[in-house]
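So the structure is just underneath, and the comments pick up after that.
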Amino acid sequence: YCIEDSTPCTSCSTVTVNVQPSPDASNSGPFTGCANNPFAGNLNDFMLSGTPPFNFVGGNEVNGVLDLLVTGPFTFTPAAIGFASFDYSAVDFYGCQSNTGTISFNAQESPTITGTSPLNACENGFVTGTVTATASPGL
Numbered sequence: 083y084c085i086e087d088s089t090p091c092t093s094c095s096t097v098t099v100n101v102q103p104s105p106d107a108s109n110s111g112p113f114t115g116c117a118n119n120p121f122a123g124n125l126n127d128f129m130l131s132g133t134p135p136f137n138f139v140g141g142n143e144v145n146g147v148l149d150l151l152v153t154g155p156f157t158f159t160p161a162a163i164g165f166a167s168f169d170y171s172a173v174d175f176y177g178c179q180s181n182t183g184t185i186s187f188n189a190q191e192s193p194t195i196t197g198t199s200p201l202n203a204c205e206n207g208f209v210t211g212t213v214t215a216t217a218s219p220g221l
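In this text, residue positions in the sequence shown follow my numbering: the first is 83, and each later residue adds one.
Next up, the structure:
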């Protein structure tokens with residue numbers, strides 16, 4: 083580039099522009115879990131490109147609650163049986179903005195446990211009783 087002042091004096095210089103690739107947030111899932119049970123993960127594991135460290139934002143939750151730290155660790159708790167998801171995006175070290183990625187889940191019914199309560203026992207003795215576990219459909 084060159085500039086010229088009113089005298090007319092001219093000065094020229096060169097500047098180098100380093101173009102950084104945009105971060106790429108992946109669409110991942112569906113992960114299988116149980117309704118009302120948190121799924122823990124780290125969004126850094128879902129970034130396909132970009133220069134760490136990343137700062138994350140999340141939202142647009144469907145059928146669940148997202149707890150996200152800006153550095154990537156998250157828990158997502160599906161609220162009911164069926165499809166659940168959330169969206170996220172990131173800004174990388176150079177300030178480059180990613181696309182929006184989606185993490186999806188297939189929330190199944192949690193197993194049920196029933197038992198006889200209370201159970202009585204003597205110190206240093208055995209406990210007897212009944213506990214029944216019922217698996218969720220498909221498990």
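Ideal Cβ positions, reconstructed from N, Cα and C, are used throughout, including at glycine.
Note on geometry: alpha-carbon atoms of Gly132 and Asp106 lie some 7 angstroms from one another. Assignment of beta-bridge partners to Leu150 by DSSP yields Phe156.
Note that the region 162 to 182 touches the region 131 to 149; at least 3 beta-carbon pairs, one per stretch, sit closer than 8 angstroms. In the structure shown, Leu201 falls within a coil segment according to DSSP collapsed to helix, strand and coil.
Comparing alpha-carbon positions, the option among Pro90, Glu86, Pro155 and Asn109 lying closest to Pro120 turns out to be Pro155.
Shown here for Phe187: same chain residues with a beta carbon closer than 8 angstroms to its own, the five before and five after excluded, namely Gly111, Pro112, Phe113, Thr114, Gly115, Phe121, Gly146, Phe158, Pro160, Phe165, Ala166 and Ser167 in chain order.
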